[in-house]
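**Q**
Number of protein chains: 4
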Amino acid sequence: MRVTLLTHTPEPDKIVAAAARLCYSGADIATIQTRLSGEKGAAMIAKLLSLGHESPLEHVSFTFGIEGVSRALSHQLVRHRIASYSQQSQRYVRMEDFEYVTPPAIADSPEAKALFLAAVEALRRAYASLLAHVPAEDARYVLPNACATKLVATLNARSLYNFFALRCCRRAQWEIRALAWDMLRLVKTAAPHVFGQAGADCLSARGCGKGEMSCGTPYSKSELDGGQHEPSRRS
Amino acid sequence: MRVTLLTHTPEPDKIVAAAARLCYSGADIATIQTRLSGEKGAAMIAKLLSLGHESPLEHVSFTFGIEGVSRALSHQLVRHRIASYSQQSQRYVRMEDFEYVTPPAIADSPEAKALFLAAVEALRRAYASLLAHVPAEDARYVLPNACATKLVATLNARSLYNFFALRCCRRAQWEIRALAWDMLRLVKTAAPHVFGQAGADCLSARGCGKGEMSCGTPYSKSELDGGQHEPSRRS
Amino acid sequence: MRVTLLTHTPEPDKIVAAAARLCYSGADIATIQTRLSGEKGAAMIAKLLSLGHESPLEHVSFTFGIEGVSRALSHQLVRHRIASYSQQSQRYVRMEDFEYVTPPAIADSPEAKALFLAAVEALRRAYASLLAHVPAEDARYVLPNACATKLVATLNARSLYNFFALRCCRRAQWEIRALAWDMLRLVKTAAPHVFGQAGADCLSARGCGKGEMSCGTPYSKSELDGGQHEPSRRS
Amino acid sequence: MRVTLLTHTPEPDKIVAAAARLCYSGADIATIQTRLSGEKGAAMIAKLLSLGHESPLEHVSFTFGIEGVSRALSHQLVRHRIASYSQQSQRYVRMEDFEYVTPPAIADSPEAKALFLAAVEALRRAYASLLAHVPAEDARYVLPNACATKLVATLNARSLYNFFALRCCRRAQWEIRALAWDMLRLVKTAAPHVFGQAGADCLSARGCGKGEMSCGTPYSKSELDGGQHEPSRRS
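Residue numbers (my numbering), protein chains in the order written: chain A, 31 to 265; chain B, 31 to 265; chain C, 31 to 265; chain D, 31 to 265.
1. Could you tell me if Y157 (chain C) is buried or exposed, where buried requires 16 or more neighbouring beta carbons within 10 angstroms of its beta carbon?
2. Run the CB neighbour count on Y54 (chain B), radius 10 Å, all protein chains shown included, and call it buried at 16 or more, exposed below.
3. State yes or no: is the C-beta of Q227 (chain A) within less than 8 Å of the C-beta of L79 (chain A)?
4. Between the Cα of H8 (chain D) and those of D:N186, D:R170, D:H105 and D:E126, spot the shortest distance and give me the residue it belongs to.
5. So, is Y115 (chain A) buried or exposed, given that buried needs 16 or more other C-beta atoms within 10 angstroms?
6. Whole angstroms is fine: what's the gap from I62 (chain D)'s alpha carbon to L52 (chain D)'s?
7. Excluding the 5 residues flanking K251 (chain D) on each side, which residues of the same chain have their C-beta closer than 8 Å to its C-beta?
8. Hey, is T37 (chain B)'s beta-carbon within less than 8 Å of any beta-carbon in chain C?
9. Compute the beta-carbon to beta-carbon distance between V131 (chain A) and L153 (chain A), rounded to the nearest angstrom, for a pair I have assumed lies under 8 Å.
10. Tell me which residues of the region 164-194 of chain B have at least one Cβ-Cβ distance to chain C shorter than 9 Å, keeping chain order.
11. Using a Cβ-Cβ cut-off of 8 Å (strictly less than) and excluding sequence neighbours within five positions of C32 (chain A), which residues of its own chain qualify?
12. Using a C-beta cutoff of 8 Å, does L107 (chain A) count as contacting chain C?
13. Residues of the region 152-164 of chain C with a CB closer than 9 Å to any CB of chain D: list them in chain order, please.
14. Apart from the five residues just before and just after V217 (chain A), which ones in its own chain have a Cβ nearer than 6 Å to its Cβ?
15. What are the boundary residues of the beta strand (DSSP E) that H38 (chain D) is part of?
16. According to the Cβ coordinates, are R155 (chain A) and M125 (chain A) closer than 8 Å?
17. Check whether the region 198-213 of chain D touches the region 100-115 of chain D, counting contact only when three or more Cβ pairs, one atom from each stretch, lie closer than 8 Å.
18. Whose C-alpha, out of C:A142, C:Q118 and C:V150, is nearest the C-alpha of A166 (chain D)?
19. Out of D:M243, D:R101, D:Y249 and D:S189, which one is the CA nearest neighbour of P86 (chain D)?
20. Tell me whether C296 (chain B) is buried or exposed, calling it buried when 16 or more other Cβ atoms sit within 10 Å of its Cβ.
21. For I206 (chain A), report the span of its beta strand (DSSP E) as first-last.
22. Under a CB-based cut-off of 8 Å, is V33 (chain A) close to chain C?
23. Specify the secondary structure class of S250 (chain B) as computed by DSSP and reduced to three states.
24. Give the range of the beta strand (DSSP E) segment to which V99 (chain B) is assigned.
25. Looking at the structure shown, is N186 (chain C) part of a helix, part of a strand, or coil, going by DSSP?
26. Measuring only between beta-carbons, confirm whether F225 (chain C) sits less than 8 Å from chain D.
27. Between T184 (chain B) and the rest of its own chain, which residues show a CB-CB distance below 6 Å, the 5 nearest in sequence each way excluded?
28. What residues in the region 71-105 of chain D have a beta carbon less than 7 Å from any beta carbon of chain B?
29. Can the beta-carbon of F194 (chain C) be found less than 8 Å from the beta-carbon of G229 (chain C)?
30. Would you check if the distance between the CB atom of T179 (chain C) and the CB atom of Q118 (chain C) is smaller than 8 Å?
31. Check whether the Cβ of R51 (chain D) lies closer than 8 Å to any Cβ atom in chain B.
32. Starting from S119 (chain D), trace the alpha helix (DSSP H) in both directions and tell me its first and last residue.
33. Do you know how far the Cα of H223 (chain D) is from the Cα of M74 (chain D)?
34. Answer with buried or exposed for E151 (chain A), where buried requires no fewer than 16 other C-beta atoms within 10 angstroms of its C-beta.
35. Taking C-beta pairs closer than 9 Å, name the residues in chain A that A48 (chain D) reaches, listed in chain order.
36. A144 (chain C): buried (16+ other C-beta within 10 angstroms of its C-beta) or exposed?
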């Protein structure tokens with residue numbers, strides 16, 4: 031998995047703070063922006079996050095390059111509808127040399143790994159043979175979920191909050207959870223105030239919303255402070 | 031592929047016509063509804079379609095049961111974002127006896143078919159063996175795009191117009207195109223006036239919007255009048 | 031204010047329960063629907079609400095006729111974007127005899143009421159006079175926020191949950207709050223299980239999300255049990 | 031009316047071209063970006079616009095400051111739902127010294143202008159008097175549509191294409207049409223290739239979609255080439 035932050039709205043703190051302030055101010059936009067430079071903007075953002083005033087977060091967007099992820103993941107990812115995607119097509123791109131993603135549980139079991147590798151390599155051969163008879167868009171019906179894909183994905187900060195709440199959660203599958211933690215790291219670096227409260231739902235002010243489907247072991251702040259990476263990947 | 035219209039907003043013509051009329055009328059809603067019964071409602075809908083006044087179409091929704099389609103199709107389908115989906119999960123449902131979808135181009139070639147069947151059956155065995163070692167959500171990484179899935183999908187009539195414009199098109203892949211034509215048939219029966227102008231883009235008043243990517247062989251009205259099924263599936 | 035439930039997806043409980051069940055079942059849709067009749071469907075819906083599994087709620091939509099509300103309200107209402115609206119146009123409908131909405135705080139103060147009525151009647155005359163010189167779309171620039179409008183609005187149950195959480199809240203303005211409570215009453219009658227957990231945010235399992243902007247006096251369940259109407263309108 | 035482009039996704043051409051290319055390429059994202067510098071990126075964008083391949087346009091967003099527009103306009107503007115808004119609140123901001131917008135048809139008629147100014151000034155006094163008795167959120171019920179408001183609005187390029195198609199049209203009301211032309215000018219300067227085909231629907235490859243509601247006098251390219259401003263405002 032290779033995740034990069036390709037681009038984003040410049041100075042995200044500044045525009046979010048100004049948009050939030052506009053709702054309650056008689057001043058014009060230029061004056062509001064001048065007044066909210068630096069610390070004051072950060073304080074305004076912290077306040078609006080504490081009040082659940084989420085709509086100003088929509089004014090800033092983040093565009094990610096996502097490569098080396100499975101089609102199992104991409105099928106989950108594109109279910110987030112307040113977002114924009116461009117994905118490598120299996121109809122138009124021939125995939126003879128496809129990369130694939132090996133689940134850790136499989137990589138950790140010699141027997142499972144052997145089964146998995148044999149299956150994937152058999153599929154690669156079947157796919158290549160089928161291309162002699164049918165178009166790529168049909169041959170791809172034998173390609174497995176493990177097959178790697180590439181996407182460019184753009185989400186605004188409010189939609190990212192929702193994405194992180196659901197996908198940084200221990201209940202999310204390991205692959206999209208790893209992606210979510212990678213994306214969270216990238217946006218926290220680019221816009222630390224805007225994403226000051228972002229992360230798994232259990233870390234939010236209101237806590238886990240999953241009821242009896244809760245994992246029962248919420249992330250702890252201290253656990254996270256130790257490093258920039260997802261806790262479950264440490265050991 | 032088994033597609034059924036599970037439910038829809040009752041009397042779709044009536045609500046679309048009344049909503050459209052409301053915009054231009056001083057009368058109250060009950061009066062408007064009374065005035066637009068029968069033929070007058072149909073005439074109002076025909077008029078708003080001719081004017082490109084699409085927003086009243088959003089007031090009526092259609093819910094489909096879709097079964098026996100491939101995960102290749104479902105990955106395309108859920109890219110339509112103004113829509114709601116519930117899909118059978120490969121994380122939580124064990125798929126040992128999965129159905130699969132065979133592309134017609136493969137079914138029509140004895141060599142391709144033999145390759146395809148061997149590959150799918152090998153995957154079925156690999157999947158079953160992996161289940162002894164890892165959770166279903168990981169074993170599924172060997173499942174192919176051909177693997178069948180089930181969904182419940184709900185779209186309003188305006189979003190369906192867009193779906194049909196794109197997916198009834200000869201440029202769409204055969205499987206989602208067959209789904210689109212099946213869905214079109216079902217909604218035309220349930221709401222003939224509301225969907226009076228629905229279908230592939232080439233059949234719309236403005237014609238194909240694909241420029242040099244056009245297929246070059248637009249559907250003809252006469253071709254469609256001959257039957258209720260997709261023209262390309264006739265021969 | 032006159033609010034009616036014009037139409038909605040038939041048997042909402044049935045379709046929501048079936049869609050939710052599909053995600054975790056190997057059975058086909060017809061079998062799932064048969065198994066979830068009556069009590070079992072209600073239990074399934076109660077469970078998915080307790081788990082925060084909201085997406086199946088999107089499959090059912092509710093269409094309201096809303097009349098005699100102010101343009102102040104309609105400007106707030108249409109900010110809910112996961113929804114469909116048709117609104118009476120002030121460009122195309124002449125409003126000489128416009129109804130208007132009087133805020134209770136104004137109605138309760140003889141001095142304010144006198145000021146308000148004089149202002150509204152002066153505007154009515156100014157509007158009528160302007161129509162002799164300019165089109166209705168320009169004359170309407172003198173029409174006040176109090177001027178009544180009509181809409182047809184359609185929202186799915188998930189979007190309604192969000193609408194009720196925000197607009198049944200005591201922090202919402204009195205007019206849209208009254209609308210929200212009226213709509214809540216209507217959908218609770220039509221689909222009691224689907225809306226079993228709907229209402230102001232303070233009544234949800236997670237409680238108020240407004241932080242220091244909280245009103246400090248959350249609704250109590252017992253307060254609501256006494257009647258079908260909004261508590262704040264009782265006295 | 032004062033419209034400024036507050037910020038936007040940097041190098042919009044570059045990200046749109048790369049996202050479009052990704053769909054059809056086996057190369058990785060960094061390589062694609064390198065290959066599409068300068069002229070090649072512009073050519074790629076021209077091509078995707080000619081093919082109606084609109085989704086890559088969603089990856090770039092534009093944020094506008096909009097001031098001195100009427101509440102009649104803002105009520106129309108926020109009906110565009112694939113967009114994000116922060117608007118000055120009439121509940122929380124006292125408007126004693128409100129600016130107002132005078133329709134040109136009124137400004138051009140001495141009698142209408144006199145009526146209009148008298149009405150607006152009477153309302154200003156009524157509003158100020160009401161504030162002595164009731165909260166601002168209630169006093170505002172006498173404020174007219176002409177009352178000026180401020181917004182921050184963010185739209186992606188695809189949604190802007192739709193906005194321009196509808197609102198640069200001669201059928202749109204003069205005020206939002208002037209806003210649309212101002213916004214079009216700003217984004218054409220910032221991203222000339224991305225907005226190479228943007229504008230009123232009659233200027234698009236497919237032409238006006240309004241049927242018999244067409245204005246009958248489509249804009250001509252030559253008319254536009256003469257200046258950067260809206261043709262109808264020239265004379």
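In this text, a Cβ means the ideal position worked out from N, Cα and C, and glycines have one as well.
None of the values given here were measured: they were computed from a predicted structure.
**A** From the atom records:
1. buried
2. exposed
3. yes
4. The structure shown does not extend to residue 8 (chain D), since chain D spans only 31 to 265, so no value can be given for it.
5. buried
6. 7 Å
7. L233
8. yes
9. Contact doesn't hold; Cβ gap of about 14 Å is too wide.
10. K180, L181, V182, A183, T184, N186 and R188
11. The question names Cys, yet the displayed sequence has Arg at residue 32 (chain A). The residues are G95, I96, E97 and G98.
12. no
13. A152, L153, R155, A156, Y157, S159, L160, A162, H163 and V164
14. F92 and F225
15. R32 to H38
16. no
17. yes
18. C:A142
19. D:S189
20. Missing from the structure shown is residue 296 (chain B); chain B here goes from 31 to 265 and no further.
21. Premise fails: I206 (chain A) lies in the alpha helix (DSSP H), W204 to A220, not in any beta strand (DSSP E).
22. no
23. coil
24. S91 to S100
25. strand
26. no
27. S91, T93 and S114
28. S80, L81 and G82
29. yes
30. yes
31. no
32. Element bounds for S119 (chain D): n/a, residue is neither H nor E.
33. 10 Å
34. exposed
35. L36, G95, S116 and V182
36. exposed
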